[in-house]
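Worksheet: the structure to be examined is printed underneath.
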Amino acid sequence: AQSVTQLDSQVPVFEEAPVELRCNYSSSVSVYLFWYVQYPNQGLQLLLKYLSGSTLVKSINGFEAEFNKSQTSFHLRKPSVHISDTAEYFCAVSKMVASKIIFGSGTRLSIRP
Amino acid sequence: NAGVTQTPKFRVLKTGQSMTLLCAQDMNHEYMYWYRQDPGMGLRLIHYSVGEGTTAKGEVPDGYNVSRLKKQNFLLGLESAAPSQTSVYFCASKKDASTDTQYFGPGTRLTVL
Chain H
2 AQSVTQLDSQ VPVFEEAPVE LRCNYSSSVS VYLFWYVQYP NQGLQLLLKY
52 LSGSTLVKSI NGFEAEFNKS QTSFHLRKPS VHISDTAEYF CAVSKMVASK
102 IIFGSGTRLS IRP
Chain E
-15 NAGVTQTPKF RVLKTGQSMT LLCAQDMNHE YMYWYRQDPG MGLRLIHYSV
35 GEGTTAKGEV PDGYNVSRLK KQNFLLGLES AAPSQTSVYF CASKKDASTD
85 TQYFGPGTRL TVL
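If you're matching them up, the sequences are chains H and E in order.
All the letters of the first sequence, read from the start, carry residue numbers 2 to 114 under the working numbering.
All the letters of the second sequence, read from the start, carry residue numbers -15 to 97 under the working numbering.
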């Protein structure tokens, strides 16, 4: 079975500062990895995903995540955050060609001006 | 193209009352899901469906029933609501087994008194 651990429930940062949201997973098989974002009072949206190939994946709004198989991690980073990045971020894992994905408990990113 | 829609957006029930949450998608997706979101627990899968006429249990199915009579609709029923079912409920869909991205509805906030 797969599981996902998000080590930080809340991460406060100042605007324009860098941020890293941590995610570790466990699985006995090869997996797909995802970051979803939930803006206030909305549903979840896919931010980025790792399926295969390059271990560094990027989103259109400046986030990136690196798949590290040896450390079983998929941390999310952004070099300079904006107020509009305020949201809850969920890491998720699934087996390849699976019907279900497993979500982490979420990390609430709050940006201070 | 509305994507995934959920009805209603908000609801307050008394303990023991019943209700049905409706999820509809217009993307011709095969797979549909019902999750509940509770603080600090991420999203937990209640039930899911891999096609019209099929349903399966997820991680927390007790107290809920589902039906998928039409491909575009996935109904979640609470026969006798309990305060422990106070939560935000999200529906999601994905195209088929070979695809990886789930698309989420805006959520239904349910309070059981």
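Glycine is no exception: its CB is placed at the ideal position from the N, C-alpha and C atoms.
In this structure, the alpha-carbon of LYS50/H lies about 13 Å from that of LYS96/H. If you ignore the 5 residues before and after PRO13/H, its C-beta comes within less than 7 Å of the C-beta of SER111, ARG113, all in its own chain and listed in chain order.
For TYR32/E, the enclosing beta strand (DSSP E) starts and ends at 27 to 33. Contact between the segment 86 to 95 of chain E and the segment 6 to 26 of chain E is present, with at least three C-beta pairs closer than 8 Å.
In the DSSP assignment, the residues bridged to ASN49/E are GLY61/E.
The beta carbons of VAL50/E and GLY61/E sit about 7 Å from each other, so the pair counts as a contact at 8 Å. Interface with chain H (8 Å Cβ-Cβ cutoff): LEU29/E is included. The residue from VAL30/H, VAL5/H, PHE15/H with its alpha-carbon nearest to that of ARG23/H is VAL5/H.
Taking the beta carbon of PRO90/E as reference, the chain H residues within 7 Å of it are GLN43, GLY44, listed in sequence order. At a cut-off of 8 Å between beta carbons, SER53/H makes no contact with chain E.
With fewer than 16 neighbouring CB atoms inside 10 Å of its own CB, VAL30/H falls in the exposed class.
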